[in-house]
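Residue numbers (my numbering): 1012 to 1296.
For each residue, glycine too, the CB sits at the ideal point set by N, CA and C.
As the structure is a computational prediction, the values presented were derived from the model and not from experiment.
Have a look at the structure below before the remarks.
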């Protein structure tokens, strides 16, 4: 959990701390933003093609790193660090929930060998949905929404093309995140899950779920609520994006992940797809 949520994001913290060295090099910052965007989209597409539940989460970590480097390249140092913090919340939750699933499935990790686990392990399902919602940035109900909106605002202020790519990344995140949810937890139980999830795992999942839902409320857009606790705490690190065109950007950033979730439901819901591996996307795995 420490490795996935924190250690692999240490480079983001390093660049943010050394922001004074990057400010005189706008070309380097612009290149950083575009590399971040490419990472976001390529890793998101890779996550969409995985069948191993841990690989889905691993590629999602790479994709979220793309968001952070996109923010750094746009000069939104605080937004990048804010997303680093919220990412730690929901990624730790997702990996712990995935571990609970793998344990109950006798260490099988192929999502197509799972299914209907919401009935077998409802608390783990609720925790995984909370983590996937935060990963996708479901509006108002997840920590990831607030940090992702700050990055989208910074991308718009820097280059509308970057914003368009980041918006496509938000759509992809909702798609691959809830693809995993629907395949693993929806439908009739199959796959031979046994045992039960003990309180030693249920309590941390519940705590992380709560943080993944409300953790982002320490920094909110003025149009929702003038809360700026996080940015005030890291005031020496500049770069919080100004809110221009706030309502249209907020709506676009909110609808993109919801559209991805809706498409995931249309493709991978049990009624539409008796065996998910029959879909065209699964053939790329």
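Scanning its chain for C-beta atoms nearer than 8 Å, with the 5 sequence neighbours on each side dropped, one finds no residue around residue 1038.
Taking the Cα positions, residue 1044 is about 7 Å away from residue 1083.
DSSP places residue 1160 inside the alpha helix (DSSP H), whose first and last residues are 1154-1169.
In this structure, the CA atom of residue 1126 is about 5 Å from the CA atom of residue 1196. When the Cα atoms are used, residue 1214 and residue 1051 turn out to be separated by approximately 32 Å.
Selection 1259, 1065 and 1174 evaluated against residue 1121 yields 1065 as nearest (Cα-Cα). Per DSSP, residue 1235 is not a residue of any alpha helix (DSSP H), being assigned neither H nor E. By the criterion of a C-beta distance shorter than 7 Å, residue 1048 is surrounded in its chain by 1077, 1081, 1173, 1176 and 1177, once the five residues flanking it on both sides are discounted. With a contact defined as Cβ atoms closer than 8 Å, residue 1155 and residue 1145 qualify at about 4 Å.
Nearest to residue 1153 by C-alpha distance, out of 1035, 1027, 1269 and 1031, is 1269.
Rounded to the nearest whole angstrom, the CA to CA distance from residue 1046 to residue 1057 is 16 Å. Apart from the 5 residues on each side of it in sequence, residue 1193 sits with its Cβ closer than 7 Å to the Cβ of 1275, 1276, 1279 and 1280 in its chain, given in chain order. Burial state of residue 1210 is exposed, judged by a 10 Å Cβ sphere holding fewer than 16 other Cβ atoms. Residue 1100 is a Cβ neighbour of residue 1223, given a cutoff of 9 Å. Here residue 1060 is not near residue 1071, since their CB atoms are 9 Å or more apart. By alpha-carbon distance to residue 1107, the top candidate from 1094, 1220 and 1271 is 1220. Comparing alpha carbon positions, the residue from 1068, 1163 and 1212 closest to residue 1187 is 1068.
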